[in-house]
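J.: Before we start, here is the structure in question, set down as structure tokens.
Listed below in structure tokens is the structure:
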């Protein structure tokens, strides 16, 4: 068991104010787990003849295998820590959100946590912004013209609001006449809505269609109130 790794992961999750992805955890942990050679060894390696192309390719393949093994260790340790909090009935749990992991309060204690923030100001997205966000979430990447075709009204103001809240981002340009900007959701959107990946979006009986006359997107929650955005 990687008890030390589990403790390190707990410390990292506790200290971070945003979800930590596997890639980010690997970046943080890899240097600490790699054996450190002394100065003499480093000098000897530097003076040694450079390996052939075949040897270099073999070394790269070995490194890839090492990374896979290390990722497996991280994932196993994360699952162990996550289970520890879940099985103990702890008031805090580890959630998988925005393709990462983050500490959060146990939903069983939500009624008391809400009282802690009852005097904080929550922000409210307009119905137009929520509809626009829902369309982008289900049909991304998508252009402004395509959004407006679905909703039947202009979407400039809604897009500006969503960009300001960091719920959406520009995702390149569509290879068509005029090369219009494409929009997609952000990790912040997934974090605030409690989604780990876009596959966690509710399945719609009738997904938003790209045809005129659709006045609104799917039904969504209008008010967003979480400890992470109360200060916005």
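In my numbering, the protein residues as written are 66 to 297. All C-beta atoms, glycine included, are put in the ideal place defined by N, C-alpha and C.
#1: If you follow the alpha helix (DSSP H) that residue 197 is in, where does it begin and where does it stop?
#2: Pull up the distance between the alpha-carbon of residue 71 and that of residue 142, whole angstroms please.
#3: To the nearest angstrom, how far is the alpha carbon of residue 160 from that of residue 68?
#4: Beta-carbon within less than 8 angstroms of residue 234's beta-carbon, same chain only, minus the 5 sequence neighbours each way: which residues are those?
#5: Can you tell me where the alpha helix (DSSP H) holding residue 226 begins and where it ends?
#6: Need the endpoints of the beta strand (DSSP E) that residue 247 sits in, please.
#7: Out of 216, 191, 156, which one is the CA nearest neighbour of residue 174?
#8: Quick check: what's the CA-CA separation for residue 78 versus residue 243?
#9: Residue 79 lies in the beta strand (DSSP E); which residues open and close that run?
#10: Starting from residue 181, follow the alpha helix (DSSP H) in both directions and report where the run begins and ends.
#11: Quick test of your reading: residue 84 and residue 165, contact by CB under 8 angstroms. State the CB separation rounded to the nearest angstrom.
#12: Would residue 241 be called buried (16 or more neighbouring beta carbons within 10 Å of its own) or exposed?
T.: Quick look at the numbers:
#1: Segment 192-204, the alpha helix (DSSP H) holding residue 197.
#2: Those two C-alpha atoms are separated by around 5 angstroms.
#3: CA-to-CA, the gap between residue 160 and residue 68 works out to about 20 angstroms.
#4: 228, 248, 249, 250, 251, listed in sequence order.
#5: Counting along the chain, the alpha helix (DSSP H) containing residue 226 begins and ends at 221-229.
#6: Taken as a continuous stretch (DSSP letters only), the beta strand (DSSP E) holding residue 247 covers 246-250.
#7: Minimum Cα distance to residue 174 is reached at 156.
#8: In this structure, the straight-line span from the alpha carbon of residue 78 to that of residue 243 is close to 44 angstroms.
#9: It is not in any beta strand (DSSP E) - residue 79 instead sits in the alpha helix (DSSP H) that spans 68-80.
#10: Taken as a continuous stretch (DSSP letters only), the alpha helix (DSSP H) holding residue 181 covers 175-181.
#11: Right, the Cβ-Cβ distance comes to about 3 angstroms (below 8 angstroms), so this counts as a contact.
#12: With fewer than 16 Cβ atoms within 10 Å of its Cβ, residue 241 is classed as exposed.
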